[in-house]
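The UniProt record's numbering numbers the first residue of the sequence shown as 1 and each following residue consecutively. Even for Gly, the Cβ is constructed at its ideal location relative to N, Cα and C. The structure presented is a predicted model; accordingly, all values stated were derived computationally and were not measured. Shown next, in structure tokens, is the structure this report addresses.
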Amino acid sequence: MGIRLGCIADDFTGATDLANNLVRAGMRVVQTINTPAGPPSGLAADAVVVALKSRTIPAADAVAQSLEALAWLRAAGAEQIYFKYCSTFDSTSDGNIGPVAEALLDALGADFTVAAPAFPDNGRTVYKGHLFVGDELLSDSGMRNHPLTPMTDSNLVRVLQAQSRGKIGLVEHAVVAAGPDAVRERFSALRADGVSLSIVDSVTTGDLVRIGPALAELPLVTGGSGIAIGLPANWGITPSADAASLPAASGRAAILSGSVSTATNGQVQRAIRAGVPSFVVEPLRIAAGEPVVAEALAFADRHLAAGPVLVYSTAAPEAVRSVQGRLGASEAGALVEHALAEVARGLIERDVRRLVVAGGETSGAVVQALGVDQLRIGAQIDPGVPWCAATLPGGETLHITLKSGNFGTPDFFTKALESLR
1 MGIRLGCIAD DFTGATDLAN NLVRAGMRVV QTINTPAGPP SGLAADAVVV ALKSRTIPAA
61 DAVAQSLEAL AWLRAAGAEQ IYFKYCSTFD STSDGNIGPV AEALLDALGA DFTVAAPAFP
121 DNGRTVYKGH LFVGDELLSD SGMRNHPLTP MTDSNLVRVL QAQSRGKIGL VEHAVVAAGP
181 DAVRERFSAL RADGVSLSIV DSVTTGDLVR IGPALAELPL VTGGSGIAIG LPANWGITPS
241 ADAASLPAAS GRAAILSGSV STATNGQVQR AIRAGVPSFV VEPLRIAAGE PVVAEALAFA
301 DRHLAAGPVL VYSTAAPEAV RSVQGRLGAS EAGALVEHAL AEVARGLIER DVRRLVVAGG
361 ETSGAVVQAL GVDQLRIGAQ IDPGVPWCAA TLPGGETLHI TLKSGNFGTP DFFTKALESL
421 R
């Protein structure tokens, strides 16, 4: 039997965020790292999430990768397709949300879908088409300082229109509150008006549940991970603890953090204050040819036997801007990603089998460096962040969590490792 839901995520932490919500709703979920090379076979899952690293690459490349993933998922029998992006709508005026969504619509022969980034459990809500992060408009939040996708406009209809060919609409909260039939009627009216993509207001988890039944007939759904909460019930699937079962954990533990988000900065400082031995990776030292990776692994050798270690490049926005001014944003990011990926390889050689990774780009670099091609999704640590199990090339099990930079409580790092003991 084919899979019910085939998902395409534009970064690796976003993929696990989505998979986490599907598991919580009762689906058995497998996450692949990039589109698998071979044909689909032996997928014991209700949903498959293909994790791409396409959020900040050129739009044409993001479209090509997403269409490749779509073809693979359709060959696997996916009944509905889900394009997942960040709940803070991370993008530029060129995309990649609009171009990818429109390309998927065209490939599916569909004329309409939603853009629903809200995830109220994590403080992401949409009202009158405006995205809020907690109590702040997106444009006033820490996302305005993002080094790759600074979000300076909270009006998502305007943001999406700037990167789309077709007409953008809005399903307002009053319609959502009226229930699935009212949402369906609004969809029909938007279609008749030539709208191909529509932002959907959502301010509570109940809103997401109400929207879910109205999405059952759409070949394509796009959004953050929150809108996934209401989808499994369309197939009669209900929450089950069995969906989140993973093998028992063992081995040493470590934390790698490359995110520059405000939330992760706080989590790094909290872990340091809690006494977790820490080593900072500095891009300027890497660029100067200094042996930063070797130093980080020597540091790990001194501390791993006693407990988890933290290796991080996370820094305040002003420090990040200073480094980018000297190295360039892309070069600085690439240096850090490569270094942390090399550190991850070294940690695995040192029997680390419980690994916390913070940051979407960092997570992508790490899982690729480790040769991980598939993840089984387990229980939630914090909203949007589950533990996962991967099989390493040598056959051993690695427990890993891939945390979006903006997610998690201040004590996330220590809480994550304590939950897996």
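- In the DSSP assignment, S278 falls within the unbroken beta strand (DSSP E) covering S278 to V280.
- When DSSP states are grouped into helix, strand and coil, Q163 belongs to the coil group.
- For the options G14, D61, E217 and D301, the alpha carbon positioned closest to that of V357 is the one of G14.
- One Cα belongs to L284, the other to D411, and the distance between them is close to 29 Å.
- Counting other Cβ atoms within 10 Å of its Cβ, S202 reaches 16 or more and is therefore classed as buried.
- S188 is classed as exposed because its beta carbon has fewer than 16 other beta carbons within 10 Å across all chains shown.
- Taking a C-beta distance under 8 Å as the contact criterion, T205 and N406 do not qualify as a contact pair.
- Where V50 is concerned, the enclosing beta strand (DSSP E) starts and stops at A47 to A51.
- For the segment 158-240, the continuous beta strand (DSSP E) assignments of 3+ residues that do not extend past its boundaries occur at 167-171, 195-200 and 220-223, in sequence order.
- A residue is called buried once 16 or more other Cβ atoms fall within 10 Å of its Cβ, and L392, having fewer, is exposed.
- Here G346 carries a helix assignment [DSSP, helix/strand/coil].
- In the structure shown, H146 adopts coil according to DSSP, grouped into three states.
- In terms of CA proximity to W72, V50 leads the group D61, S54, F83 and V50.
- G333 and A249 have their alpha carbons spaced roughly 31 Å apart.
- In the three-state reduction of the DSSP assignment, N21 falls in the helix class.
- Between A271 and A75, the alpha-carbon positions lie close to 44 Å from each other.
- Three or more Cβ pairs closer than 8 Å define a contact, and the segment 217-226 meets that threshold against the segment 110-121.
- T362 and K403 have their C-alpha atoms some 10 Å from each other.
- Within the same chain, and ignoring the five residues on either side of I227 in sequence, the residues whose Cβ sits closer than 7 Å to its Cβ are A116, L208, I211 and V221.
- By the Cβ test, the segment 233-246 is in contact with the segment 371-378, since at least three Cβ pairs between them sit closer than 8 Å.
- When rounded, the separation of the alpha-carbon atoms in S313 and T414 is 18 Å.
- Counting along the chain, no alpha helix (DSSP H) covers D140, and no H or E run does either.
- Taken in chain order, the complete alpha helix (DSSP H) segments of 4 residues or longer contained in the segment 296-375 are 317-327, 329-349 and 360-369.
- Straight-line spacing of the CA atoms in P317 and A182 works out to 44 Å.
- Annotated three-state conformation of N96 is coil, per DSSP.
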